[in-house]
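K.L.:
If you're matching positions, the sequence shown starts at 8 in my numbering and goes up one per residue.
Even for Gly, the Cβ is constructed at its ideal location relative to N, Cα and C.
Computed from a predicted structure; not experimentally measured.
Dropping the structure in here first, questions after.
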Amino acid sequence: MKTIAVDESTWKKIKLLKDKLDARSYDEVLQKLIETWHLVELDRKVEDIVVDDEEAEVLLRVLKERDKK
Numbered sequence: 008m009k010t011i012a013v014d015e016s017t018w019k020k021i022k023l024l025k026d027k028l029d030a031r032s033y034d035e036v037l038q039k040l041i042e043t044w045h046l047v048e049l050d051r052k053v054e055d056i057v058v059d060d061e062e063a064e065v066l067l068r069v070l071k072e073r074d075k076k
């Protein structure tokens, strides 16, 4: 187990999050924060993907053919 140092305002926020998330431990709070961060980052990357209509049609066709196999 590791220890991390946080300032008082951060500590208060983490304690509030623990209660709001109904988490059993501060480790669980941090795990949920990390998971949320990853999901937000993934969402941002997905938003950046731009495909025109023709490319989208080709992609859909390829995916449908792959599912048939």
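Would you call the CB atoms of lysine 39 and alanine 30 closer than 8 Å?
P.N.:
Against a cut-off of 8 Å, the Cβ pair of alanine 30 and lysine 39 comes out as a contact.
K.L.:
Does at least one heavy atom of the ligand NAD sit under 7 Å from the Cβ of glutamate 15?
P.N.:
As presented, the structure is devoid of all ligands, the ligand NAD included, so that no description of it is given.
K.L.:
Determine the contact status of leucine 46 and valine 36, defining contact as a CB-CB distance below 8 Å.
P.N.:
Their beta carbons are not under 8 Å apart, which means leucine 46 does not touch valine 36 by this criterion.
K.L.:
Tell me the DSSP secondary structure of alanine 30 in three-state form.
P.N.:
Three-state result, alanine 30: coil.
K.L.:
Give the DSSP-derived three-state secondary structure of threonine 10 in the structure shown.
P.N.:
DSSP places threonine 10 in coil when its eight states are reduced to three.
K.L.:
Closer than 8 Å, CB to CB, is leucine 67 near chain D or not?
P.N.:
The structure shown contains no chain D; it holds only a single protein chain.
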